[in-house]
Amino acid sequence: MARPYGDPVEIITAPVPAQSPFIPADAKIVVGAVAPASPDPIPIVLLPGFEYRMHEWRHPETHEIHWRLERRRASRASDDQ
-17 MARPYGDPVE
-7 IITAPVPAQS
3 PFIPADAKIV
13 VGAVAPASPD
23 PIPIVLLPGF
33 EYRMHEWRHP
43 ETHEIHWRLE
53 RRRASRASDD
63 Q
């Protein structure tokens, strides 16, 4: 059985500071995660032994796009068999 993702956090993004023909003009970079205790985005630390996924979320009132990062314990090869 698949393990659910948990511990979602909102990701802060910003425009890419440099232009490149390989990066779309509307691309964003990850600045950090939202935290109530900090006025600035906190860097994201990826821990070994976990799987991560990001998904887009649109605010229902402002329709702005936000990103959420979720994690779950990584499954081992023996768990899938």
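Its first residue numbered -17, the sequence shown is counted upward by one per residue in our numbering. Here a beta-carbon is modelled for each residue, glycine too, at the ideal position from N, C-alpha and C.
In the three-state scheme derived from DSSP, where H, G and I count as helix and E and B as strand, Val(-2) is classed as coil. In terms of CA proximity to Pro23, Ile(-7) leads the group Ile(-7), Arg55, Arg35, Ala56. By alpha-carbon distance to Val16, the top candidate from Phe32, Glu46, Thr(-5) is Thr(-5). Cβ-Cβ separation between Ile26 and Leu51: approximately 7 Å, consistent with a contact (criterion under 8 Å). Within the model, the alpha-carbon separation for Arg35 versus Ser57 is close to 14 Å.
Annotation: the continuous beta strand (DSSP E) that includes His37 extends over 32 to 40.
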